[in-house]
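Its first residue numbered 0, the sequence shown is counted upward by one per residue in numbering that gives the first Met the number 0.
This report refers to the structure that appears directly beneath it.
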Amino acid sequence: MLLAEVVATVHEVTATRSRLAKIDALARLLARLDPDEVAPAVALLTASPRQGRLGVGWRGLLAIDAPHAEVPTLTIADVDEAFDVLAAASGPGSAAMRSSTLVDLAERATAPEWEFVRRVMLGELRTGALEGVLLEAVARAADRSAASVRRAAMLSGDLGETARLALTGADLEAVGLAVGRPVMPMLASTAASVADALIETGEASVEYKLDGARIQVHRRGDQVRVYTRSLADITHRVPEIVRVVRGLDARELILDGETLSLDEDGAPRPFQDTMSRFGADAPSEVALRPWFFDLLHVDGRDIIDEPLRVRLAELERVAGPWRMPGIVTADGDAADELSRRALAAGHEGVVVKAIDSVYAAGRRGKSWVKVKPVRTLDLVVLACEWGSGRRTGMLSNLHLGALDPTGEFGEPGGFVMVGKTFKGLTDELLRWQTERFPQIATHRTAHAVFVEPVTVVEIAVDGVQRSPRYPGGLALRFARVKAYRPDKSPREADTIQSLREGLR
Numbered sequence: 000m001l002l003a004e005v006v007a008t009v010h011e012v013t014a015t016r017s018r019l020a021k022i023d024a025l026a027r028l029l030a031r032l033d034p035d036e037v038a039p040a041v042a043l044l045t046a047s048p049r050q051g052r053l054g055v056g057w058r059g060l061l062a063i064d065a066p067h068a069e070v071p072t073l074t075i076a077d078v079d080e081a082f083d084v085l086a087a088a089s090g091p092g093s094a095a096m097r098s099s100t101l102v103d104l105a106e107r108a109t110a111p112e113w114e115f116v117r118r119v120m121l122g123e124l125r126t127g128a129l130e131g132v133l134l135e136a137v138a139r140a141a142d143r144s145a146a147s148v149r150r151a152a153m154l155s156g157d158l159g160e161t162a163r164l165a166l167t168g169a170d171l172e173a174v175g176l177a178v179g180r181p182v183m184p185m186l187a188s189t190a191a192s193v194a195d196a197l198i199e200t201g202e203a204s205v206e207y208k209l210d211g212a213r214i215q216v217h218r219r220g221d222q223v224r225v226y227t228r229s230l231a232d233i234t235h236r237v238p239e240i241v242r243v244v245r246g247l248d249a250r251e252l253i254l255d256g257e258t259l260s261l262d263e264d265g266a267p268r269p270f271q272d273t274m275s276r277f278g279a280d281a282p283s284e285v286a287l288r289p290w291f292f293d294l295l296h297v298d299g300r301d302i303i304d305e306p307l308r309v310r311l312a313e314l315e316r317v318a319g320p321w322r323m324p325g326i327v328t329a330d331g332d333a334a335d336e337l338s339r340r341a342l343a344a345g346h347e348g349v350v351v352k353a354i355d356s357v358y359a360a361g362r363r364g365k366s367w368v369k370v371k372p373v374r375t376l377d378l379v380v381l382a383c384e385w386g387s388g389r390r391t392g393m394l395s396n397l398h399l400g401a402l403d404p405t406g407e408f409g410e411p412g413g414f415v416m417v418g419k420t421f422k423g424l425t426d427e428l429l430r431w432q433t434e435r436f437p438q439i440a441t442h443r444t445a446h447a448v449f450v451e452p453v454t455v456v457e458i459a460v461d462g463v464q465r466s467p468r469y470p471g472g473l474a475l476r477f478a479r480v481k482a483y484r485p486d487k488s489p490r491e492a493d494t495i496q497s498l499r500e501g502l503r
């Protein structure tokens, strides 16, 4: 298939606010693909090249100055092959190889095709076609149930391969856990208090909530792989976690947990110290310690659909010393006491998990509920204003957006502004965002740089209140920056609906 057909479909999807129309357009495209084109096409549509990191950045693409083709001839396979070359380039001469490949690709592409490919490589494609929409399009094109497609995608961690299986008539029910293949993590909703959380869950495992990074660890024999919440492989960066899991009493494991670094007194270091290990290959003096809170597979047995109480019993057996601290209770006083202990130890709060719930990979429901005394929200940066006074010449005041999955305020899957803040920004963060945001700018005014909504920032707030000041009808009370969250994607941001539920 010609790339031009993908580009035309993306334009059609972007131009409509209707979720059904988006699904229809994507389904028509998917139904016309050859089997070997499905995975590359899905990768393009989601701006997630199946090759992973291509070694291409904003500056490198900006330097490409090549004439474009007048007539579309570039195919999906052509682009995928070029991405193979970019991803494989390494060592002496790799920069020249990447540059030559990019120039060739730019010359073979029409101007609209090149703009599309460029945005895919930068991960900045905005179509309003979030994974949920694309999953439904796959189901429609393949005449499968959306539930079967969704479960296969969650368990495989690979939407492109799931789409290929569905469209070629393969048995999606046969897709299960595979040690070494990461699955989408289960997510938690929020509650204002432990008592409110227990009302949702009933008897629950109440566990510490760390200010750390989510990890998923797979072991087969001596082979151990460590993945982030976005399913990126970071095994080579965390040898201490690999050593811990190799020492556990099992041959095959899939563990879910969290990690952070501790100071000399055993107190948690700032979140940024933990994330520095995830973003750099260089050795670091900051050591990471894992805490595991769930077990999905053990020694040939999938337990992802077993009740949490069964999974925790197996977790205690194989990884007791490395378990997340917690208790099983329906008693509000006991749960509150554990929450106070977690806070006294320097952690964020607790997560309350229904004790008989199954592991719902990739879903955010009421079975897991996190409770933090200081409420935090994951929002997306929409723009940043230039500072004044000591911050003159620096990008400072952030415009913050909540996810609008239903299109209540515009495009489904878009973002609606709910507030601004310049509080909590360190000099280091000011320098970083002043360098970064112009690289992803969509347009500028005299006072602000408007950016692609791809940057997630964790914001601490004292609450949410009604306000006509912002389009969403809500405003944040005493918002301040806690940390940027490169481990989270924009589709994981808090929604405008969840903010509305938290009004007080």
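Note that beta-carbon positions come from the ideal geometry of N, C-alpha and C, so glycine has one too.
Being a predicted model, the structure only gives us computed values, none of them experimental.
Local Cβ density within 10 Å of residue i, reported as buried at 16 or more and exposed below that
i, result
"residue 10", "exposed"
"residue 504", "This structure gives no information on residue 504, because the portion of the chain shown stretches from 0 to 503."
"residue 343", "exposed"
"residue 508", "The shown model of the chain, from 0 to 503, leaves out residue 508, and the question about it has no answer."
"residue 48", "buried"
"residue 52", "exposed"
"residue 215", "buried"
"residue 442", "exposed"
"residue 263", "exposed"
"residue 220", "exposed"
"residue 70", "exposed"
"residue 90", "exposed"
"residue 471", "buried"
"residue 330", "exposed"
"residue 139", "buried"
"residue 293", "buried"
"residue 446", "exposed"
"residue 400", "buried"
"residue 204", "buried"
"residue 465", "exposed"
"residue 245", "exposed"
"residue 250", "exposed"
"residue 156", "buried"
Closest Cα partner of residue i within the set the options
i, options, result
"residue 366", "353, 222, 179 and 320", "353"
"residue 392", "329, 429, 497 and 218", "429"
"residue 77", "147, 113, 2 and 38", "2"
"residue 462", "417, 433, 355 and 454", "417"
"residue 377", "79, 106 and 475", "475"
"residue 113", "93, 74, 141 and 90", "74"
"residue 459", "371, 390, 409 and 333", "371"
"residue 84", "28, 293, 70 and 55", "55"
"residue 253", "182, 87 and 468", "182"
"residue 508", "178, 350 and 23", "The structure shown has nothing for residue 508, since the chain only spans 0 to 503."
"residue 81", "120, 109 and 197", "120"
"residue 394", "373, 431, 401 and 363", "431"
"residue 116", "148, 88 and 39", "39"
"residue 469", "87, 408 and 157", "408"
"residue 473", "498, 485, 456 and 491", "498"
"residue 33", "164, 50 and 145", "164"
"residue 295", "258, 247 and 359", "359"
"residue 289", "106, 207, 185 and 36", "207"
"residue 300", "440, 178 and 67", "178"
"residue 488", "298, 46 and 68", "46"
"residue 42", "387, 21, 68 and 130", "130"
"residue 437", "404, 485 and 385", "385"
"residue 397", "230, 110 and 483", "483"
Residues bridged to residue i (per DSSP)
i, result
"residue 289", "258"
"residue 374", "460"
"residue 251", "219"
"residue 328", "203"
"residue 209", "For residue 209, which the question treats as bridged, DSSP gives no partner whatsoever."
"residue 301", "296"
"residue 232", "226"
"residue 384", "396 and 447"
Continuous alpha helix (DSSP H) assignments of at least 4 residues falling wholly in the stretch 47-81: Segments of the alpha helix (DSSP H) lying fully in the stretch 47-81: 57-61.
**Asked** Any contact of the stretch 399-417 with the stretch 13-28, i.e. 3+ C-beta pairs under 8 Å?
**Response** Under the Cβ criterion (8 Å, minimum of three pairs), the stretch 399-417 counts as touching the stretch 13-28.
- In the stretch 459-483, which residue ranges form an unbroken beta strand (DSSP E) of at least 3 residues, counting only runs that do not cross its ends? Qualifying beta strand (DSSP E) stretches, in chain order: 462-465, 473-476 and 479-483.
**Prompt:** Counting Cβ pairs, one atom from each stretch, are 3 or more of them under 8 Å apart for the stretch 183-202 and the stretch 55-63?
**Reply:** Too few Cβ pairs lie closer than 8 Å, so no.
query = Is the stretch 312-320 in contact with the stretch 262-277, if contact means three or more CB pairs nearer than 8 Å?
reply = For the pair of segments examined, the stretch 312-320 was found not to touch the stretch 262-277: the number of CB pairs separated by less than 8 Å stays below three.
Pair every Cβ in the stretch 423-441 with every Cβ in the stretch 467-481, then say whether three or more of these pairs are closer than 8 Å. A contact exists between the stretch 423-441 and the stretch 467-481.
Considering only residues of the stretch 397-459, which uninterrupted alpha helix (DSSP H) runs meet the minimum length of 4 residues and lie entirely inside it, listed in chain order? Counting whole runs of 4 or more residues, the stretch 397-459 contains the alpha helix (DSSP H) stretches 426-435.
Where are the beta strand (DSSP E) runs, 3 residues long or more, that stay fully inside the stretch 153-206, in chain order? Every beta strand (DSSP E) stretch that sits fully inside the stretch 153-206 and reaches 3 residues is listed by chain position as 186-190.
*Kindly confirm or deny that the stretch 323-343 and the stretch 157-176 touch, where touching means at least three C-beta pairs closer than 8 Å.*
Put simply, the stretch 323-343 does not touch the stretch 157-176. Fewer than three CB pairs are less than 8 Å apart.
ask   = Does the stretch 380-387 come close enough to the stretch 443-458 to have 3 or more Cβ pairs within less than 8 Å?
value = Yes, the stretch 380-387 is in contact with the stretch 443-458.
- prompt: For the stretch 26-43 against the stretch 96-105, are there 3 or more C-beta pairs whose distance is under 8 Å?
  reply: With the cut-off at 8 Å, the stretch 26-43 and the stretch 96-105 do not touch.
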